[in-house]
Each structure stands twice: as structure tokens, then as C-alpha cells.
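Residue numbers (my numbering): 26 to 438.
The structure under discussion appears below in the form of C-alpha cells.
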Ligand SMILES: *Cc1c(COP(=O)(O)O)cnc(C)c1O
């Protein structure tokens with residue numbers, strides 16, 4: 026109290042047993058406190074058993090080809106380390122990433138042994154680090170061939186390469202006209218022990234467009250590439266051309282190894298041709314968040330930035346704490362579906378940076394869980410449904426999920 030002298034005990038502070046007890050309590054609290062990620066009111070649940078089962082779907086569809094599981098872009102947003110381990114556990118022969126930087130991180134995550142292929146690097150990249158980490162590299166340009174040869178010579182490590190030919194994507198890879206020259210030079214480097222030709226490969230541009238005819242043309246060009254390489258005296262260990270769409274829908278494109286990505290995460294390369302459920306795939310990611318607001322607004326209320334939506338009648342609105350900072354694209358505004366308490370609803374008004382508004386189903390209140398997407402078998406909209414509503418593809422919906430959203434892993438893989 027003001028003006029009064031503190032008592033002797035207050036000056037001295039708590040007795041030593043009390044201090045010890047308080048310290049012990051703080052320690053216990055720290056041990057028991059939920060991790061910081063629990064404070065984030067949204068999460069992506071990742072089902073590693075679904076990923077393993079989806080790899081099995083690919084294995085059952087092909088005829089004994091090797092399987093390269095693609096885990097680029099943080100495993101399409103699902104978490105690279107966890108998904109890579111699940112895929113290896115389920116018997117994947119190879120892991121694939123786009124960037125060499127991803128490959129170096131992946132090597133740390135899976136340890137020595139598993140084979141890793143990376144296909145994107147720029148002139149001047151530290152290819153010695155890639156060789157030291159036992160990363161197999163795509164070679165699809167003369168500068169890459171030269172720089173990798175320099176790195177292999179200086180480290181004394183034989184570079185295991187996958188020669189890339191362009192057969193119709195017009196992205197990376199040697200033009201077929203340049204392939205004889207590239208193959209000739211590689212032949213010399215193989216003879217010297219600088220290179221080992223682990224693969225000849227290419228990528229399909231329209232495998233999801235099943236009847237367009239381009240895949241057949243690309244297969245013919247790939248055959249030409251194989252002949253060229255053979256004529257140069259080379260014998261690639263693995264020929265590979267097909268990603269998910271090619272592996273499942275173009276048996277002639279399977280060769281020695283297939284490179285599935287999207288189907289491993291339980292989405293279809295083209296849901297208009299066949300949905301994930303029709304293929305026996307299970308969505309690996311379920312995205313959900315706790316409602317942070319429930320409120321009643323009158324008819325005619327303008328909702329969120331720009332008032333792009335107005336309530337038609339007295340309406341109960343909720344707020345979901347996810348926004349474009351979390352990868353919920355603004356194109357989802359007013360269109361993307363959700364499920365709350367097993368009832369369907371959708372986004373109302375514009376998606377903001379950290380939150381968006383929904384119309385609430387009967388009885389839903391703050392604290393109830395809003396499901397954005399997951400597996401159709403769980404009665405949820407799918408990432409492919411979101412993609413259709415937004416005019417994009419399921420790949421983008423899952424891959425763009427922001428790093429801020431905690432991932433929680435379930436299953437063994
Ligand atoms: C991304 C990618 C894949 C996997 O493609 P999906 O359509 O997801 O199966 C395979 N190969 C290459 C070269 C890729 O870039």
C-alpha cells in the first residue's frame with residue numbers, strides 16, 4: 026500500500042523453498058507449453074500414409090519401371106524432408122528436385138545413399154558442391170556440359186549425368202540437331218571417366234491432354250534422341266520421359282523410369298480427364314483453420330475490401346484466419362468452397378492478407394474448424410475443386426501454401 030513500509034519478508038523476497046518451487050513450476054510450464062505453431066490458428070495436416078499409398082497407385086499402374094518421386098518446391102508445399110522419407114520408405118528408387126540448392130538440402134535430410142536428380146542450375150553454379158553431395162545432374166546445354174566437366178575434373182568425382190533432349194516442350198534440353206555434337210563430347214568425357222551417362226531424358230508438354238497427339242510425336246523424337254546417343258557409342262542406364270500424366274495415361278512414354286509428382290500428393294494432373302478419386306489417389310494435405318469471428322450482419326452489408334459482395338438477407342458471417350500471405354490466392358475471393366461442421370459454404374468478398382470472410386452455416390461459432398480442402402472421401406472440397414473455382418490447377422493451390430502455415434505430419438509413410 027502507498028506510503029506504508031514493506032514488511033520484512035517482502036523485502037527479503039520469498040523464502041528459498043518458495044523460490045525453488047516457483048522455479049520448478051516455470052520449468053514444468055516451459056516443458057508443457059504448446060509449441061509456438063499451436064498459436065497459429067490454421068494448419069495443414071499432411072498424411073504420409075496417403076503419399077505412400079499414392080506411390081503404390083503409380084507402381085500398380087506401370088510395369089516395373091523405376092520410380093522417381095518428385096519433391097521439388099518443398100514437395101509441392103507438403104514438406105520436403107518428411108515426404109522424401111515417406112517416399113523412400115515406400116520404395117521410391119530416386120528423388121527428384123528442380124534446383125541444385127534443393128538437392129543439397131535434400132541430401133542433408135535423407136542422408137547418404139538415396140539417389141537424387143536435380144535439373145535446374147545457372148552458369149557459375151557451385152557444381153563441385155553438388156558432386157560432393159552425390160547429386161546427379163541434368164545436362165541440357167553446352168555451357169552446362171563444359172562447367173560440369175570442369176567441376177568433375179577438379180573434384181576428381183565422376184559426374185553422373187542425365188542428358189536432356191528437348192522433344193517438344195521448348196524449355197530446357199538440347200535441340201535434337203545439337204544432340205549428335207553433345208553426345209560426341211559426352212562420349213569423350215565418359216571414356217576419360219569424367220562423366221557417367223546415368224540417363225537420357227526429356228519432358229512431355231501435353232501429357233494431360235490425352236488425345237492431342239503431341240505425346241506420340243514426343244515419343245518419336247525421344248526415339249530419335251536414343252538412336253543418336255546410341256550411334257555416338259553411349260548407353261544411358263535409364264531413359265525417362267514421363268511425369269504423372271505420362272506415367273498413368275501414356276504407356277509408351279514409360280521407358281525405364283517414371284517421374285511422378287502431383288499424383289503422389291493425391292491430385293490429378295487433369296481432373297477433367299480423370300479425378301484423383303477415380304484413380305484411387307488420396308489427397309495428402311488437409312488445410313483447415315479455426316473460425317475467429319462469428320457475427321450477424323443485416324441485409325445489404327458490404328463485405329471485405331472493395332465490397333465485392335453484399336449480403337442479400339440478415340446473415341451470419343465468420344472469419345477464417347488465412348489470407349494471401351498464406352497462399353490463399355485472391356482469385357479465391359467469392360468463389361472458393363469450404364466445409365464448416367460438415368456443411369458447405371464459400372468465401373464471401375475479397376481474400377485479405379491474413380484472413381477472409383465466409384457465410385456461416387447454421388450453428389457455427391468462433392472456435393469451430395473451417396476446412397478449406399482435403400480428400401473428397403472425408404467430405405471435403407479438394408484442391409482440384411479450389412483450382413477449378415479459381416481458374417488454375419491443383420498444383421498451384423497446394424504448392425503456394427505459405428511457409429507461415431504449420432504442417433502437421435501423420436502416419437509413417
Ligand atoms: C515437376 C516435374 C515432374 C513432375 O510432374 P508432375 O506433373 O507433378 O507429375 C517430372 N519431371 C520434371 C522434369 C518436372 O519438372
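Where a beta carbon is used, it is the ideal one built from N, C-alpha and C, also for glycine.
Being a predicted model, the structure only gives us computed values, none of them experimental.
Given a cut-off of 9 Å, decide if residue j and residue i are closer than it, judged by their beta-carbon atoms.
{"i": "residue 441", "j": "residue 117", "result": "Missing from the structure shown is residue 441; the chain here goes from 26 to 438 and no further."}
{"i": "residue 184", "j": "residue 221", "result": "yes"}
{"i": "residue 320", "j": "residue 348", "result": "no"}
{"i": "residue 399", "j": "residue 314", "result": "no"}
{"i": "residue 155", "j": "residue 134", "result": "no"}
{"i": "residue 162", "j": "residue 144", "result": "yes"}
{"i": "residue 326", "j": "residue 336", "result": "yes"}
{"i": "residue 352", "j": "residue 73", "result": "no"}
{"i": "residue 204", "j": "residue 262", "result": "no"}
{"i": "residue 244", "j": "residue 277", "result": "yes"}
{"i": "residue 69", "j": "residue 432", "result": "yes"}
{"i": "residue 249", "j": "residue 201", "result": "yes"}
{"i": "residue 147", "j": "residue 345", "result": "no"}
{"i": "residue 280", "j": "residue 124", "result": "no"}
{"i": "residue 294", "j": "residue 339", "result": "no"}
{"i": "residue 364", "j": "residue 404", "result": "yes"}
{"i": "residue 282", "j": "residue 92", "result": "yes"}
{"i": "residue 374", "j": "residue 296", "result": "no"}
{"i": "residue 266", "j": "residue 192", "result": "yes"}
{"i": "residue 302", "j": "residue 376", "result": "no"}
{"i": "residue 324", "j": "residue 414", "result": "no"}
{"i": "residue 272", "j": "residue 111", "result": "no"}
Report the option in the options whose CA atom is closest to the CA atom of residue i.
{"i": "residue 330", "options": "318, 359, 431 and 212", "result": "359"}
{"i": "residue 284", "options": "188, 83 and 175", "result": "83"}
{"i": "residue 213", "options": "431, 299 and 171", "result": "171"}
{"i": "residue 218", "options": "44, 332 and 180", "result": "180"}
{"i": "residue 257", "options": "424, 208 and 273", "result": "208"}
{"i": "residue 62", "options": "436, 430 and 250", "result": "430"}
{"i": "residue 372", "options": "233, 53, 316 and 196", "result": "316"}
{"i": "residue 355", "options": "333, 364, 403 and 338", "result": "333"}
{"i": "residue 159", "options": "165, 166, 121 and 66", "result": "121"}
{"i": "residue 231", "options": "435, 85, 86 and 268", "result": "268"}
{"i": "residue 165", "options": "115, 87 and 228", "result": "228"}
{"i": "residue 298", "options": "341, 278, 235 and 69", "result": "235"}
{"i": "residue 422", "options": "384, 361 and 77", "result": "361"}
{"i": "residue 97", "options": "91, 108 and 186", "result": "108"}
{"i": "residue 76", "options": "66, 251 and 95", "result": "95"}
{"i": "residue 435", "options": "173, 71 and 85", "result": "71"}
{"i": "residue 226", "options": "190, 42, 273 and 78", "result": "190"}
{"i": "residue 427", "options": "65, 251 and 382", "result": "65"}
{"i": "residue 129", "options": "176, 152 and 417", "result": "152"}
{"i": "residue 350", "options": "318, 44 and 381", "result": "381"}
{"i": "residue 274", "options": "216, 239 and 260", "result": "239"}
{"i": "residue 270", "options": "318, 247, 53 and 300", "result": "300"}
{"i": "residue 197", "options": "175, 169, 173 and 85", "result": "169"}
{"i": "residue 259", "options": "247, 237, 216 and 417", "result": "216"}
Span of the beta strand (DSSP E) holding residue i?
{"i": "residue 313", "result": "310-315"}
{"i": "residue 322", "result": "318-322"}
{"i": "residue 189", "result": "184-189"}
{"i": "residue 435", "result": "432-435"}
Which residue marks the beginning of the alpha helix (DSSP H) containing residue i, and which one marks its end?
{"i": "residue 172", "result": "167-180"}
{"i": "residue 109", "result": "105-114"}
{"i": "residue 151", "result": "That residue, residue 151, is in no alpha helix (DSSP H); it is neither H nor E in DSSP."}
{"i": "residue 129", "result": "125-135"}
{"i": "residue 422", "result": "419-424"}
{"i": "residue 101", "result": "97-101"}
Touching or not, the segment 94-101 and the segment 287-300, by the rule of three or more beta carbon pairs under 8 Å?
yes
Does the segment 381-397 touch the segment 359-369, meaning 3 or more C-beta pairs lie closer than 8 Å?
yes
Tell me, please, whether the segment 408-416 touches the segment 48-56 by the rule of three or more beta-carbon pairs shorter than 8 Å.
no
Entirely enclosed beta strand (DSSP E) segments - the segment 51-76, minimum 3 residues:
67-72
Quick one: complete beta strand (DSSP E) runs, 3+ long, within the segment 203-268?
220-226 and 263-267
Residue ranges of each beta strand (DSSP E) run of no fewer than 3 residues wholly in the segment 354-408, ordered along the chain?
362-365, 368-373, 381-384 and 394-398
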